[in-house]
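Just below is one structure, and these are the notes that go with it.
Residue numbers (the working numbering): 1151 to 1506.
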């Protein structure tokens, strides 16, 4: 290989070797960004070079990795923090739409991804998928930057119920049961995700909940557990059930085991907000349970539940608390324990109404 070969042609040849899409649209887009008016000529020469190198093209181009790295590093001055964020938090590439959202959540402008492609820091492997060239990785790993970290507790403290539902779903990878989510919140989960935007925390605009990559997932989960535990204890004080309280990290709710004399044991699950997933329905499903949610049910709750009567454990009831009102949805299989719970609920300061 000619040691004096044009560095742009070498760079283009490297991408050609690693490009695996039959459609050249993304490839041409990259060449146009990197080389401007010369991109057609450079693309032609890069293809000729790859063809001339034969099966060992990748191995022979490796001899020029240092030169290629020098070439790209010379073009990234001015947005070093974005490169640092990419390397440290974003996994050296991936889905283009996800990366674009992640950069926005971190605090960069809409053009930063395009500028990184222009500099050769990112290349398309195929349409919609970006990667960092192998020869750049050692250099980029040595870079430092200044990326402000959001205060998780402060960010979550200002969210409404549905905002907290979105963050919990993203933090734990929870997939809600579609019909139960609609029954409780009155909206389809997929429609809800697309409309979700929480500055510096979360974005669902592509139909997937994307967290700010700087947020530490373990810290976020810990804060969610602590917030739910604290709020569940407050709920317990409002409705005042007797019995042992514990916080369940499995069901992500406060739990009170209450024994009503001869009525039997009732499992009271206290949810300041709820992601209605299998995790909820499969938590002690054969026991008498009442799921208490600090939120008004949707107007279609009873109708949706009626259509899914066989999808809900028969011994599970719901109570929705909003203001000074408790709205009750009785379980299919009534028990003396639930009757006793209702008697106890009537003795609270809450006004009790029924959905069924």
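The C-beta atom is built at its ideal place from N, Cα and C for all residues, glycine as well.
In this chain, the alpha helix (DSSP H) harbouring residue 1215 covers 1215-1223. In this model, residue 1457 and residue 1373 are separated by some 36 Å (Cα to Cα). Distances from the CA of residue 1290 to each of 1296, 1282, 1297 were compared; the closest alpha carbon is that of 1282.
If you check the CB distance, residue 1306 and residue 1377 come in under 9 Å. Shown here for residue 1331: same chain residues with a beta carbon closer than 7 Å to its own, the five before and five after excluded, namely 1339, 1426 in chain order. The shortest CA-to-CA distance from residue 1481 to any of 1193, 1160, 1497, 1504 is the one to 1504.
Under the three-state reduction of DSSP output, residue 1240 falls in the coil class, being neither helix nor strand. Pairing residue 1249 with residue 1287 gives a Cβ-Cβ distance that is not under 9 Å. In terms of Cβ geometry, residue 1429 and residue 1401 form a close pair [threshold 9 Å]. Of all C-beta pairs linking the stretch 1156-1169 to the stretch 1188-1206, three or more are shorter than 8 Å, placing the two stretches in contact. Within the same chain, Cβ atoms closer than 8 Å to the Cβ of residue 1483 are found at 1464, 1465, the five residues on either side in sequence being excluded.
Among the bridge pairs identified by DSSP, residue 1352 is matched with 1348, 1361. Within the same chain, 1222, 1226, 1233, 1282, 1286 come within 7 Å of residue 1271 by CB-CB distance, once the 5 residues on both sides are set aside.
The straight-line gap separating the alpha-carbon atoms of residue 1492 and residue 1357 is approximately 41 Å. Counting only residues of its own chain and dropping the five nearest sequence neighbours on each side, residue 1319 has a CB closer than 7 Å to the CB of 1326, 1359, 1425. Contact between residue 1317 and residue 1351 holds, with the beta-carbon distance rounding to 7 Å and staying under 8 Å. In the structure shown, the three-state DSSP call for residue 1272 is coil. Within the same chain, Cβ atoms closer than 7 Å to the Cβ of residue 1219 are found at 1285, 1286, 1289, the five residues on either side in sequence being excluded. Cα atoms of residue 1390 and residue 1405: separation of roughly 13 Å, rounded to the nearest angstrom. Assignment of residue 1476 by DSSP, reduced to helix, strand and coil, places it in the strand class. Residue 1422 is not a Cβ neighbour of residue 1362, given a cutoff of 9 Å. Annotated as distal: residue 1379 and residue 1302, with beta-carbon spacing of 9 Å or more. Where residue 1443 is concerned, the enclosing beta strand (DSSP E) starts and stops at 1439-1443.
In terms of Cα proximity to residue 1487, the closest of 1450, 1478, 1439 is 1439. Restricted to the stretch 1299-1333, the alpha helix (DSSP H) segments that are unbroken, complete and at least 4 residues in length are 1302-1307, 1311-1322, listed in chain order.
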